[in-house]
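Peer 1:
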Amino acid sequence: MDKVEEKLKETDKKRRIFTLLIVVFIIGGITIPFIKLPVKAAGLLVPFKVESATYVPIDVEKQYSKISGFNRVKTIYENQEETITVWATSEIGWNNVSNWDEQITLNDGTTAYFNVIDDNVHMISWRKDGVEYAIDYKGVKEISKEKLIKMVQSIE
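In our numbering, the protein residues as written are 33 to 188.
#1: What are the boundary residues of the beta strand (DSSP E) that Gln95 is part of?
#2: Given Asp151, which residues of its chain have a CB within under 8 Å of its CB, disregarding the five upstream and five downstream residues?
#3: So, using beta-carbon positions, are Val71 and Ser97 closer together than 7 Å?
#4: Specify, as a first and last residue, the run of the alpha helix (DSSP H) that Lys106 falls within.
#5: Could you tell me the distance, in whole angstroms, from the CA atom of Ala166 to the CA atom of Ile58?
#6: Compare the C-alpha of Ser157 against each of Lys182, Lys170 and Trp119 and name the closest.
#7: Taking the DSSP output, what are the residues bridged to Gln135?
#8: Does DSSP put Lys177 in a helix, a strand or coil?
#9: In three-state terms, what does DSSP make of Glu114?
#10: Closest to Asn131 by CA distance: which of Ile124, Glu93, Glu178 and Val148 is it?
#11: Measuring alpha carbon to alpha carbon, tell me which of Ile49, Asp91 and Glu178 ends up nearest Glu113.
#12: Could you give the distance in angstroms between the alpha-carbon of Lys81 and the alpha-carbon of Glu123?
#13: Measuring CA to CA, which of Asp34, Arg159, Ser176 and Lys106 is closest to Leu77?
#14: What's the call for Phe146, buried or exposed, on a 16-neighbour Cβ count within 10 Å?
Below is the structure:
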């Protein structure tokens, strides 16, 4: 085999590997948002640290995380009647809080924003260590602002 044939084989091998990597990347990018991941595993797939809650104010039947884009994770805690979604993103300002109902100060001095859309949808948003978090509660039961604040303060 001469040098030209060797070079062609080497180039062909590199092209196949590169094509395979592109296909894996595309398939992964398409399927990752639909995959339910263990809560701790989601933090391994984004470029920031994802903190998890140690207190959840509902009876949790299922909990999982999903990747939403390259810089957003949502962790879902749910039962038949209620859902709490904890969003974490490095995209600061994605949650437009300027027109929210109330600005509050957490125990550690962090500013948070609270909003009620309907009687059954409550939200709280804040920033911690360069990550913007938001908690959305949806359910048939009423949840107090204090319980959501307690959940915020349990996120480690």
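Each residue gets a CB set at the ideal place from its N, CA and C atoms; glycine is no exception.
Peer 2: A quick look at the data gives this:
#1: The count along the sequence shown starts at 1 and reaches residue 95 at position 63. Per DSSP, Gln95 belongs to the beta strand (DSSP E) from Lys94 to Ile99.
#2: What you label residue 151 is simply residue 119 of the sequence shown in a count that begins at 1. Result list for Asp151: Glu174, in chain order.
#3: For the purposes of this step, residue 71 is identified with residue 39 of the sequence shown, where counting begins at 1. For the purposes of this step, residue 97 is identified with residue 65 of the sequence shown, where counting begins at 1. Yes. Within cutoff.
#4: As a first step, residue 106 must be located in the sequence shown, where it is residue number 74. Counting along the chain, Lys106 falls outside any alpha helix (DSSP H), though it belongs to the beta strand (DSSP E) covering Arg104 to Glu110.
#5: As a position in the sequence shown, residue 166 is number 134, starting the count at 1. As a position in the sequence shown, residue 58 is number 26, starting the count at 1. So the two alpha carbons sit approximately 29 Å from each other.
#6: Within the sequence shown, residue 157 is the residue found at index 125, counting from 1. Ranking Lys182, Lys170 and Trp119 by Cα distance to Ser157 puts Trp119 first.
#7: As a position in the sequence shown, residue 135 is number 103, starting the count at 1. Per DSSP, Tyr145.
#8: Numbered from 1 along the sequence shown, position 145 holds the residue referred to as residue 177. Helix at Lys177.
#9: Here residue 114 is taken as the residue at index 82 of the sequence shown, counted from 1. The answer is strand: DSSP assigns Glu114 an E or B state.
#10: Working through the sequence shown from its first residue, we reach residue 131 at position 99. When each option's Cα is compared against that of Asn131, the closest is Val148.
#11: Taking the sequence shown and counting its residues from 1, the one referred to as residue 113 is at position 81. For the residues Ile49, Asp91 and Glu178, the minimum Cα distance to Glu113 belongs to Asp91.
#12: Here residue 81 refers to the residue found at position 49 when the sequence shown is read from its first residue. Here residue 123 refers to the residue found at position 91 when the sequence shown is read from its first residue. Cα to Cα, Lys81 sits roughly 13 Å from Glu123.
#13: What you label residue 77 is simply residue 45 of the sequence shown in a count that begins at 1. It is Lys106.
#14: If you number the sequence shown from 1, residue 146 lands on position 114. Buried is the call here.
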